[in-house]
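Shown next, in structure tokens, is the structure this report addresses.
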């Protein structure tokens with residue numbers, strides 16, 4: 006048993022470093038404590054099979070890679086290439102900019118063809134929460150999910166701002182009390198982020 010522990014420990018450490026993750030970052034992705042990851046890499050304890058599956062998926066290796074002492078010659082470790090990360094960043098930025106392009110397009114069209122309309126600037130206000138939705142999707146898929154709570158907070162407050170300004174400019178009603186909805190909403194986001202950061206097991 007000690008032999009397999011040492012093999013798994015060495016493979017986890019090697020894969021983690023190859024992926025450019027710290028023990029804390031790996032722990033957060035697995036929803037464990039960094040102390041647990043440290044114990045795995047020192048061979049003081051061994052992750053159970055469900056965690057090994059998660060690790061294999063995270064490191065993009067077959068499950069048996071984690072328990073093998075020797076790996077076939079030429080079997081390279083998957084890495085997050087800088088070019089690939091750069092490409093993902095560009096795709097995300099282009100998607101967000103597309104939202105603003107559409108906002109500008111609607112602004113120009115309404116100014117040119119809808120004379121007497123004075124609320125076209127609202128398109129730029131609406132573009133903020135829509136941009137946050139787009140960024141949230143890409144951040145969840147490709148980047149650090151820890152920042153999702155910040156993105157969701159901005160999304161919530163700008164959505165409330167959009168509602169307030171729309172009602173104010175179209176109906177003349179100043180429904181500033183709508184911002185009070187953001188207080189419990191923000192507390193829920195904060196508490197949820199704290200819950201998600203708690204490790205499942207030590």
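Numbering (the working numbering), first residue to last: 6 to 207. The beta-carbon is built from N, C-alpha and C at its ideal position, and this holds for glycine as well.
24 is the residue among 24, 69, 74 whose C-alpha sits nearest the C-alpha of residue 63. For the pair of segments examined, the stretch 140-160 was found not to touch the stretch 113-120: the number of CB pairs separated by less than 8 Å stays below three.
In the three-state DSSP reduction, residue 120 falls in the coil class, being neither helix nor strand. No residue range can be given for residue 66, since it is assigned to no alpha helix (DSSP H) and is classified by DSSP as neither H nor E.
Exposed is the label assigned to residue 55, since fewer than 16 other Cβ atoms lie within 10 Å of its Cβ. In this structure, the alpha-carbon of residue 40 lies about 38 Å from that of residue 101. Proximity to residue 169 across 130, 157, 198, 138 peaks at 130, based on C-alpha coordinates.
Taking residue 106 as reference, the option from 135, 70, 8, 187 with the minimal CA-CA separation is 135.
Between the alpha carbons of residue 17 and residue 74 lies a gap of roughly 12 Å.
A contact is defined here as three or more CB-CB pairs under 8 Å, and the stretch 34-52 fails this definition with respect to the stretch 154-174.
The beta carbon of residue 127 lies closer than 8 Å to those of 167, 170, 171, 174 in the same chain, with the five residues before and after it left out. For residue 152, no alpha helix (DSSP H) segment is defined, and its DSSP state is neither H nor E. Residue 144 sits in a helix when the DSSP states are folded into three classes.
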